[in-house]
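Residue numbers (our numbering): 13 to 170.
Cβ atoms here follow ideal geometry from the backbone N, Cα and C, with glycine treated the same way.
Bear in mind the structure is a predicted one, so any value in this text is a computation, not a measurement.
The next block holds one structure in the form of structure tokens; read it before the comments.
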């Protein structure tokens, strides 16, 4: 009876961890798509994906408005926790580089207003340094988010 109980609990924990990785990836895709859509619809928007001091994964949307070409104002339009602590997030760059999102190292994406394509990654528009994927991992479960810089398409790989 005890081994049956342990097996059931282990299976339950594995299922929960897998679900958490999927939920975090899904929340991240929604946040990135919202930033992309907002950029195409109104102002310049960038999304910063970071890890806060508690270890949670946070998506922060920052908006820049420009009035009559001179006055510029910036504000945070939304900040939400897309994953609770315990996640590992890494990202791949088009030229072969990679990075890890930690408390001191975030990922910043900015989309083009006209086409919705990925315009900048971490402040550079170098085509060899654009984010092409984000890997979300927790407790041995992994989900990969694919980003197509030319079109701005963002989706979870199946």
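In or out: residue 87 buried (at least 16 other Cβ within 10 Å) or exposed?
Residue 87 should be labelled exposed.
Where do the ends of the beta strand (DSSP E) carrying residue 111 lie?
Here the beta strand (DSSP E) through residue 111 covers 110-113.
Closest residue to residue 140 among 104, 118 and 64 (Cα-Cα distance):
Measuring from the Cα of residue 140, the nearest candidate turns out to be 104.
Segment contact flag, the segment 129-143 with the segment 88-100, C-beta cutoff 8 Å, min 3 pairs:
These segments do not touch.
Exposed or buried, which one is residue 164 when buried takes at least 16 other CB atoms within 10 Å?
Buried.
For residue 107, which residues in the same chain have their Cβ closer than 7 Å to its Cβ, ignoring the five residues on either side in sequence?
Close CB contacts of residue 107 within its chain, under the 7 Å cut and outside five residues either way in sequence, are with 140 and 141 (chain order).
List in chain order: all unbroken beta strand (DSSP E) runs of 3+ residues lying wholly within the segment 30-118.
Within the segment 30-118, complete beta strand (DSSP E) segments of at least 3 residues are found at 56-63, 69-79, 83-95, 100-105 and 110-113, given in chain order.
Based on the DSSP secondary-structure assignment, which residues constitute the bridge partners of residue 158?
145 and 167, per the DSSP bridge assignment.
With which residues is residue 120 paired in a DSSP beta bridge?
Looking at the DSSP output, residue 120 sits in a beta bridge with 60.
Evaluate residue 84 with the Cβ neighbour count: other Cβ atoms within 10 Å of its Cβ, from every protein chain shown; 16 or more gives buried, anything less gives exposed.
Around the beta-carbon of residue 84, fewer than 16 other beta-carbon atoms lie within 10 Å, marking it exposed.
Reference residue 63; option with closest CA among 120, 167 and 156
Ranking the options by Cα distance to residue 63, first place goes to 120.
Leaving aside the five residues before and after residue 154 along the sequence, list all residues of the same chain whose C-beta is less than 8 Å from its C-beta, in chain order.
Once the five neighbours on either side are set aside, the close Cβ partners of residue 154 are 33, 147 and 148.
What residue range is occupied by the uninterrupted beta strand (DSSP E) comprising residue 133?
It spans 130-133 - the beta strand (DSSP E) in which residue 133 sits, taken as one unbroken run.
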